[in-house]
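Residue numbers (our numbering): 69 to 194. Ideal Cβ placement from N, Cα and C applies to all residues, glycine included. Presented below is the structure to which this report refers.
If you want it as structure tokens, here you go:
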């Protein structure tokens, strides 16, 4: 059976490309397994290694000089049932401005894998 642990990609302040600063907390699953499950875990880790790079790059590229504070969070939920793994990423971006309401964006990405191969995905915004 495939097992997983949480892997912290980044936690804390990041300097952005425009000289600003984002407080980021990105946590993704890291999989392991023996025998046949080793290959499944390797495929899953390849997918989430790529996702880590994309999420990190996005957080570092957030550009909003008017924002007093920018927070970017990604946390994951994992369910393993036999050869099926479901991973849901909850992404939250919050921009706080002086003298006006904060902007909050939410996105949920769900992927279902069978034997380490993606068989479905779902995106929810809002």
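Opposing strand residues paired with residue i [DSSP bridges]
{"i": "residue 124", "result": "Note: residue 124 sits in no beta bridge, so no partner."}
{"i": "residue 73", "result": "98"}
{"i": "residue 107", "result": "For residue 107, which the question treats as bridged, DSSP gives no partner whatsoever."}
{"i": "residue 140", "result": "92 and 161"}
{"i": "residue 113", "result": "In the DSSP output, where bridge partners are listed per residue, residue 113 has none listed."}
{"i": "residue 83", "result": "89"}
{"i": "residue 135", "result": "165"}
{"i": "residue 130", "result": "Bridge partners of residue 130: none, in fact."}
Candidates the options, of which the one nearest residue i by Cα
{"i": "residue 166", "options": "194, 135 and 131", "result": "135"}
{"i": "residue 148", "options": "186, 194, 114 and 181", "result": "181"}
{"i": "residue 159", "options": "120, 115, 140 and 113", "result": "140"}
{"i": "residue 186", "options": "113, 100, 123 and 176", "result": "113"}
{"i": "residue 109", "options": "77, 150 and 70", "result": "70"}
{"i": "residue 102", "options": "161, 72 and 156", "result": "72"}
{"i": "residue 128", "options": "107, 161, 117 and 104", "result": "161"}
{"i": "residue 168", "options": "137, 121, 104 and 122", "result": "137"}
{"i": "residue 132", "options": "190, 170, 174 and 117", "result": "170"}
{"i": "residue 130", "options": "145, 77, 91 and 107", "result": "91"}
Same chain, Cβ closer than 6 Å to residue i, neighbours up to 5 away in sequence not counted
{"i": "residue 79", "result": "93"}
{"i": "residue 154", "result": "147 and 180"}
{"i": "residue 201", "result": "Nothing in the structure corresponds to residue 201, since the chain is present only between 69 and 194."}
{"i": "residue 199", "result": "Residue 199 falls outside the range modelled here, since the chain spans only 69 to 194, and no answer is possible."}
Close Cβ partners of residue i (< 7 Å) along its chain, the five nearest in sequence each way excluded
{"i": "residue 83", "result": "89"}
{"i": "residue 119", "result": "96"}
{"i": "residue 151", "result": "182 and 183"}
Sequence-distant residues of its chain with Cβ nearer than 8 Å to residue i (five each side left out)
{"i": "residue 143", "result": "93, 95, 157 and 158"}
{"i": "residue 189", "result": "177, 178, 179 and 180"}
{"i": "residue 126", "result": "140"}
Identify every run of the beta strand (DSSP E) within the segment 144–192, keeping only runs that are complete inside it and at least 3 residues long; order them along the chain. 152–165 and 168–182
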